[in-house]
Amino acid sequence: MKSCFKNFMGLLFLGFFVITFPSCEDTNTDVEAIEYKPDEYGLSAGALNIFSKKVDNNATLTDLLLPLNISYQTINNIVENSRNIFDVRKIKSGGKYVVYTNNDSLNSVQYFVYEEDPINYWVIDLRDSLTIYRSQKAVSRIEKVTEGTIENSLYVCLEKQNADPMLALKLADVFAWAIDFYSIQSGDSFRVLYDEIYVGDKFFGVGQIKAAFFKHKGKEFLGYYFENEEEKDYFDEIGNSLRKAFLKAPLKFSRISSGFSPNRLHPVLKTRRPHLGVDFAAPAGTPILAIGDGTVTEVTRNSGYGKYVKIKHNSVYSTAYLHMSRYKEGIRPGVRIRQGDVIGYVGSTGLSSGPHVDLRFWKNGKLVNFLKEEFPSSKPIDEKYKDEFLKIQESLNSKLFPESIPTVIARI
-17 MKSCFKNFMG LLFLGFFVIT FPSCEDTNTD VEAIEYKPDE YGLSAGALNI FSKKVDNNAT
43 LTDLLLPLNI SYQTINNIVE NSRNIFDVRK IKSGGKYVVY TNNDSLNSVQ YFVYEEDPIN
103 YWVIDLRDSL TIYRSQKAVS RIEKVTEGTI ENSLYVCLEK QNADPMLALK LADVFAWAID
163 FYSIQSGDSF RVLYDEIYVG DKFFGVGQIK AAFFKHKGKE FLGYYFENEE EKDYFDEIGN
223 SLRKAFLKAP LKFSRISSGF SPNRLHPVLK TRRPHLGVDF AAPAGTPILA IGDGTVTEVT
283 RNSGYGKYVK IKHNSVYSTA YLHMSRYKEG IRPGVRIRQG DVIGYVGSTG LSSGPHVDLR
343 FWKNGKLVNF LKEEFPSSKP IDEKYKDEFL KIQESLNSKL FPESIPTVIA RI
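Okay, so the sequence shown: first residue is -17 according to this note's numbering, each after it adds one.
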């Protein structure tokens, strides 16, 4: 019996020794710390529970925070401390928010994140003391070249190239003063150097077009983006601005449904009479753009024109936009307008057989055919920036045309 007791005590002592005093091999071993990398919002939150939701219709910040066991007093403090950071009233239905809670029985909220858009967000830090701040997700830009020959439409062509169809709108903006994008035809071709924007590893959209080439009806067009402290625009191969005195049309995309004619059969009255404008058909509600800078002189309605806006551009040119469904808010006589500003929306008011805008164009007080007018370019690049532009142009050409250059450049 004594022998058993002695053996038991010996084992117990040995166990105590082994547990209390590590072996020599373990004396220099450090405990490895767990390092949590920041997530997409810059938060090291690996030990926290995380869930995301969408804002319900008409939900307020209070509606989002109360179910998380955040008190009215804390919510009031958040509202007071956020006044110079964000407007809590602008939380949008369908917007994304993310909640980080402790991994314990209380599930107390540590962070609350609300996304204003896919890039911008704000954080409410509820840990030791209330902290509120705005930030942005990491954004990267990848330079890309896309080219193609059009068979059906520019959109379809871009889709076949696995390019974002929104690139079509960007190209239309670059060449809006040179190419009629409503008359693009099979056989036209393009090549474009641009940025693709990524938020984290997710594609966000098309960024800046840096240079573009477009061949339309056998004619070649080039555009280069150039920016410095004084200039920010697209210029052609010799440094002339691509911005003309007027846009090619008052709508982004549409079709010409009726041209300028001294003897047209009126679609409503069924009698022959002059049509001294150009009709651009488009769905009702399509934004109508001012084709040039100027001052609004008329915002009114009559039985024939329906709702219309008239703009005086300078001592020579004036334009009017007929059959609007409504005017844009703030458009009234005396208001200065910039080229491309929205002034109203397509409709069918007045003597009209369907939704369209009838563009009227006066030159020296006489209505003329807008489609047959030719306008000079805006001012070219200032001579003091010409060398800088040519260096940038050379760099862009090497990326846009790595193998051979088009005829329009070779002629320079």
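Where is the CB? At the ideal position from N, CA and C, for every residue including glycine.
Q. With burial defined as no fewer than 16 other Cβ atoms inside 10 Å of the residue's Cβ, what is the status of T268: buried or exposed?
A. T268 should be labelled buried.
Q) Cα-Cα, which of P362, T83, D38, V105 is closest to E213? A) If we check each option's Cα against that of E213, P362 comes out closest.
Q. Taking just the CA atoms, how far does S53 sit from G316?
A. One C-alpha to the other measures close to 52 Å.
Q) What do you get for N379, buried or exposed, if any count of 16 or more other CB atoms within 10 angstroms of its CB means buried? A) Answer is buried; the Cβ neighbour count reaches 16.
Q. Hey, which unbroken runs of the alpha helix (DSSP H) at 4 residues or more fall wholly within the segment 149 to 188?
A. Segments of the alpha helix (DSSP H) lying fully in the segment 149 to 188: 149 to 156.
Q: Grab the span of the alpha helix (DSSP H) containing E370 for me, first residue to last.
A: It spans 368 to 382 - the alpha helix (DSSP H) in which E370 sits, taken as one unbroken run.
Q: Could you check which residue in R65, V105, Q55 has the C-alpha nearest to that of Q92?
A: It is V105.
Q) How about L175 and K152: do their beta carbons lie closer than 8 Å? A) Using a Cβ distance threshold of 8 Å, L175 and K152 do not count as a contacting pair.
Q. When the Cα of S111 is compared with those of D146, I60, D86, A120, which residue comes out closest?
A. Ranking D146, I60, D86, A120 by Cα distance to S111 puts I60 first.
Q) Just the Cα atoms here: how many angstroms apart are I374 and F343? A) When rounded, the separation of the alpha-carbon atoms in I374 and F343 is 38 Å.
**Q.** Reduced DSSP category for P20 - H, G, I as helix; E, B as strand; rest coil
**A.** Under the three-state reduction of DSSP output, P20 falls in the coil class, being neither helix nor strand.
(Q) I need the DSSP call for N10, collapsed to helix, strand or coil. (A) With a pLDDT of 43 at N10, under the threshold of 50, the predicted position of this residue should be treated as unreliable, though the coordinate-derived value follows. Residue state for N10 is assigned as coil, using DSSP reduced to three classes.
**Q.** For H257, the residue or residues it bridges with in DSSP
**A.** Partner(s): S243.
Q.
Alpha carbons only, please: which of R320, V324, S300 is nearest the one belonging to N348?
A. Residue 348 is actually Lys in this sequence, not Asn. Measuring from the Cα of K348, the nearest candidate turns out to be S300.
Q.
Only counting the same chain, and skipping five residues up and downstream in sequence, which positions put a Cβ closer than 8 Å to that of V121?
A. Here the set comprises I101, I179, Y180, V181, F186.
Q: Go ahead and label V298 buried or exposed: buried means 16 or more other beta carbons lie within 10 angstroms of its beta carbon, across all protein chains shown.
A: Result: exposed.
Q) Who are the Cβ neighbours of E141 in its own chain at under 8 Å, not counting the five residues just before and after it? A) For E141, where only same-chain residues beyond five positions count, the Cβ hits under 8 Å are P147.
Q) Quick one: is E133 buried, meaning 16 or more other Cβ sit within 10 Å of its Cβ, or exposed? A) E133 should be labelled exposed.
Q: Let me know the secondary structure DSSP gives V138 once reduced to three states.
A: In the structure shown, V138 sits in a helix (DSSP, three-state: H, G or I).
Q. Do G286 and G329 have their C-beta atoms within less than 8 Å of each other?
A. No. Outside cutoff.
**Q.** Run of the beta strand (DSSP E) containing E311, from where it starts to where it stops
**A.** Careful: E311 lies outside any beta strand (DSSP E) and carries neither H nor E.
Q: Identify whether L88 lies in helix, strand or coil by the three-state DSSP scheme.
A: L88 sits in coil when the DSSP states are folded into three classes, being neither helix nor strand.
Q. Comparing alpha-carbon positions, which option in I273, K72, F163 lies nearest I293?
A. Minimum Cα distance to I293 is reached at I273.
Q) How would you call Y115, buried or exposed, if buried means at least 16 neighbouring beta carbons within 10 angstroms? A) It counts as exposed.
**Q.** Residue from Q143, S359, W159, F33 whose Cα sits closest to the Cα of N222
**A.** The candidate whose alpha carbon is nearest that of N222 is S359.
(Q) Using CA atoms only, rank isn't needed, just tell me which of S335, T331, T282, V339 is closest to I313. (A) Measuring from the Cα of I313, the nearest candidate turns out to be T282.
Q) Three-state secondary structure (DSSP) at L349? A) In this structure, L349 counts as strand in the three-state DSSP scheme.
Q) Which residue from S90, I73, S26, I161 puts its Cα closest to that of N51? A) Answer by Cα proximity: S90.
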